[in-house]
Ligand SMILES: *Cc1c(COP(=O)(O)O)cnc(C)c1O
């Protein structure tokens, strides 16, 4: 929600910048915690989506855990005040330094993606006289039907362990005395808007749990990852994701064993809608089929359109015109993919107009770069 008061503030600030709306974040957290508490589910926030301090603190204050994919993220989570015993650590390429750091901090669980990784964790834990708690990240071979760059649960993806190698893996880890298997972990992709896909994941996990049961293994927890999508087209009418429907799928279709805990790792669905990238029109250039609205933000500030062909809703916050024309909304970077929208039907736009690129709270600021020696942009929370 962008209010007239916000627009007055925007006019006083140097563009481009990120604006995080804490009211929207708190509303999102209200629904998230109400719906997950209904079933006693455990939520970990995926830090990689957004690491703004005020955003992290608001999330931490809800007793939510952290999901980290690097040693520095583990460190950031601890500095913010997330409890160590509520931190999970995933990633296909954990370095020895990162593993040692997480071992020293006694995190809740390493989500392991290969047997060689488990051997290294075992060896490093042994040197510290510790037993590391691990979950196996399993590749369930489920198609998340999202952009192929953010699909992670197919056999062709680099993530996780495939079921056809599982017998060998569990045989091998029996001899590793400094790791303890406590969980099974899944994460099939991101920006999943069709809840049926989570139902398929549940049914597949039920089969996988049955396989483990046959092999006399019942783990303490199941972690189903994240991936719940948000509405990039209608941020105002669909501001808060459907957490109710999402958790209902797991409650209905996932067969947990008695005493088994269910964990989630949500990133995008928590923070996407609270963030907007605010930019200004530098020039309007006439094109052949469409005009170009050249704005002062670029792919260095928000990479998603260039990286995943993602679309964000774009609004002209200051134009008085009601007449529409076609525009490509583009940034200043020397790449043709530096384009936020193609042939967009948009109110007549002029130099100096303030533009909002909506739903930019997740995978926005965290992916910024200094390509073209661009300056890192500011972010404001109000
Ligand atoms: C990125 C990631 C998440 C969060 O995904 P969202 O789509 O942002 O909810 C969760 N778990 C793992 C392992 C991840 O890599």
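In the working numbering, the protein residues as written are 269 to 650. Each residue gets a CB set at the ideal place from its N, CA and C atoms; glycine is no exception.
Query raised in the report: Under the criterion of a Cβ to heavy atom distance below 7 Å, does residue 495 qualify as lining ligand 1?
Result: yes
Query raised in the report: Cα-Cα, which of 557, 524 and 640 is closest to residue 309?
Result: 524
Query raised in the report: Considering only residues of the stretch 319-401, which uninterrupted alpha helix (DSSP H) runs meet the minimum length of 4 residues and lie entirely inside it, listed in chain order?
Result: 321-328, 339-348, 364-372 and 383-395
Query raised in the report: Going straight from the alpha carbon of residue 562 to that of residue 630, what length do you get?
Result: 23 Å
Query - Inter-residue CB distance, residue 451 and residue 478 (contact presumed, cutoff 8 Å) - result: Their Cβ separation, rounded to whole angstroms, is 17 Å, which puts residue 451 and residue 478 out of contact at 8 Å.
Requested in this report: Closer than 6 Å by C-beta to residue 564: which residues in its own chain qualify, once you throw out the five before and the five after it? Chain order, please.
Outcome: 283, 284, 547, 548 and 550
**Report entry** Cβ neighbours of residue 493 in the same chain (closer than 8 Å, five flanking residues each side left out)
**Finding:** 453, 454, 455, 456, 532 and 533
Query raised in the report: Could you give the uninterrupted runs of the beta strand (DSSP E) lying entirely in the stretch 573-633, keeping only those of 3 residues or more?
Result: 582-584, 592-598, 607-615 and 622-625
Query raised in the report: Of all the beta strand (DSSP E) runs that stay within the bounds of the stretch 427-467, which reach a length of 3 or more residues?
Result: 447-453
Report task. Return the first residue and the last residue of the alpha helix (DSSP H) that residue 296 is part of. Result -> 290-305
Query raised in the report: Which of helix, strand or coil does DSSP assign to residue 501?
Result: coil
Query raised in the report: So, using beta-carbon positions, are residue 322 and residue 649 closer together than 8 Å?
Result: yes
Query raised in the report: With a CB to CB cut of under 7 Å and the five nearest residues on each side skipped, what residues in its chain are close to residue 637?
Result: 568
Query raised in the report: Cβ atoms of residue 608 and residue 625: under 8 Å apart, would you say?
Result: yes
**Report entry** Residue from 465, 404, 526 and 460 whose Cα sits closest to the Cα of residue 440
**Finding:** 404
Query raised in the report: For residue 528, which residues from the same chain have a beta carbon less than 8 Å from its beta carbon, with the 5 sequence-adjacent residues on both sides left out?
Result: 486, 487, 488, 489 and 490
Report task. Hey, could you find the ends of the alpha helix (DSSP H) residue 278 is sitting in? Result -> 272-280
Query raised in the report: Which of the three DSSP states, helix, strand or coil, is assigned to residue 565?
Result: coil
**Report entry** Under 8 Å between C-beta atoms of residue 425 and residue 411
**Finding:** no
Query raised in the report: Hey, would you say the C-beta of residue 533 is under 7 Å away from at least one heavy atom of ligand 1?
Result: yes
Query - Length-filtered (3 minimum) beta strand (DSSP E) runs lying within the stretch 473-560 - result: 489-491, 529-534 and 543-553
Query raised in the report: Hey, quick one: how far does the beta strand (DSSP E) through residue 648 stretch, first residue to last?
Result: 646-649
**Report entry** Proximal residues to residue 461 (C-beta, below 6 Å), its chain only, five neighbours per side dropped
**Finding:** 497
**Report entry** Three-state secondary structure assigned by DSSP to residue 638
**Finding:** coil
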